[in-house]
Each structure stands twice: as structure tokens, then as C-alpha cells.
Amino acid sequence: MRWLRTGLSVLALFGFGLALGQQLRFIVVTHGQAADPFWSVVKNGVDQAAREMGVRVEYRAPQTFDMVQMARLIDAAVAARPDGLVVSIPDANALGRSIQAAVRAGIPVISINSGADVFKRLGVMVHVGQEEYL
């Protein structure tokens, strides 16, 4: 999960103003549940990167593929004011408003897995993942 460590490193650069000893906190919101075979690898990578970097990371996902619930999870993450937010963007129309709210709140946002075609438009710093075109 080298890409995740890279992404968290980018976000960690924004934490330079933290008080000495204060731990950075990131929230990851994806459309995939941690029990899913693909997303369990992502979740394990998130956990490993957090341990290696000495940061706190919370992984959140809706119970099912539910964009309304995912938008709510992003909104809750914004309200929690993390040092950074990592999101997948399977549906920019459904999630765009919530992601843009994070950007407006000054929370650094990166996207993973899906969203290569829309991340710039939403104000996301960087996308880590594949293009979704054949």
C-alpha cells in the first residue's frame, strides 16, 4: 500500500502547525466495506500506514453501496475536523457537495481508487488510483 503511505505523507505535510506531540488524525471514507475482499486489503493498508507513520486513521464506509449514506459519512468527517480526508469518488454527482464542503473547510482531501476523472473539478489535491477507461 505504498500509494496510501504516499497519500498520507502528502496530507501530513499540512500538519506542520501542530503542537509538539499532537498526533495527526485522518479519516478515510470509501464506498467499499472493510469485509469486502478488495477493500479489506485497502483497510489493512490504511492500518499499516497509520502504524508506520504514527498517525491516527479512521476507516469509514456505508453498510452497502449507498451514496446517500457515503455523503453523510463525508459530512460527519468534515464536522469532525480531521487533519486530512481520503475519499473514493464512485459518483461525483452524489458526493461532490460533501467533498467540496471539506475543501471549503480547509481540510486537505485526496481521492483513491475512483474519481480520476473528477477530482480536480471537486478541489481534491491529488488522486491516487487507476483511470476508469478501457
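Everything in the sequence shown is counted per the working numbering, starting at 219 for the first residue and increasing by one. Ideal Cβ positions, reconstructed from N, Cα and C, are used throughout, including at glycine.
- prompt: Is the segment 247 to 257 in contact with the segment 286 to 296, if contact means three or more CB pairs nearer than 8 Å?
  reply: With a cut-off of 8 Å on Cβ pairs, the segment 247 to 257 is in contact with the segment 286 to 296, counting three or more such pairs.
- prompt: Is the distance from the Cβ of F256 to the Cβ of V304 below 8 Å?
  reply: No, the Cβ-Cβ distance between F256 and V304 is not below 8 Å.
message: Rounded to the nearest angstrom, what separates A298 and R339 at their Cα positions?
response: Roughly 24 Å separates the two Cα atoms.
- request: State the DSSP-derived secondary structure class of F283, mapped to helix, strand or coil.
  value: Three-state DSSP puts F283 in coil, outside helix and strand.
message: Counting C-beta neighbours from all protein chains within 10 Å, is the total for G302 16 or more, i.e. buried, or is it exposed?
response: It counts as buried.
- request: Kindly indicate which residue of V260, N311, G341 and F283 has the alpha-carbon position closest to the one of G324.
  value: Of the candidates V260, N311, G341 and F283, the one whose C-alpha sits nearest the C-alpha of G324 is G341.
- prompt: Which residues mark the beginning and the end of the alpha helix (DSSP H) in which S329 is found?
  reply: Element bounds for S329: not the alpha helix (DSSP H) but the beta strand (DSSP E), V327 to I330.
- prompt: How would you call V264, buried or exposed, if buried means at least 16 neighbouring beta carbons within 10 angstroms?
  reply: Under the 10 Å beta carbon count, V264 is surrounded by 16 or more other beta carbons and is classified as buried.
message: Helix, strand or coil, according to DSSP, for K338 in the structure here?
response: DSSP places K338 in helix when its eight states are reduced to three.
message: Tell me which residue opens and which closes the alpha helix (DSSP H) that I307 is part of.
response: Here I307 belongs to no alpha helix (DSSP H), and DSSP marks it neither H nor E.
Neighbour-count burial assignment, N331, 16 or more Cβ in a 10 Å radius: The residue is buried, with at least 16 neighbouring Cβ atoms inside 10 Å.
message: Taking its Cβ as the centre, do 16 or more other Cβ atoms sit within 10 Å of G333, making it buried, or is it exposed?
response: A residue is called buried when at least 16 other Cβ atoms come within 10 angstroms of its Cβ; G333 meets this threshold and is buried.
query: Buried or exposed: where does A279 fall if 16 or more other Cβ atoms within 10 Å of its Cβ makes it buried?
result: Around the CB of A279, 16 or more other CB atoms lie within 10 Å, so the residue is classed as buried.
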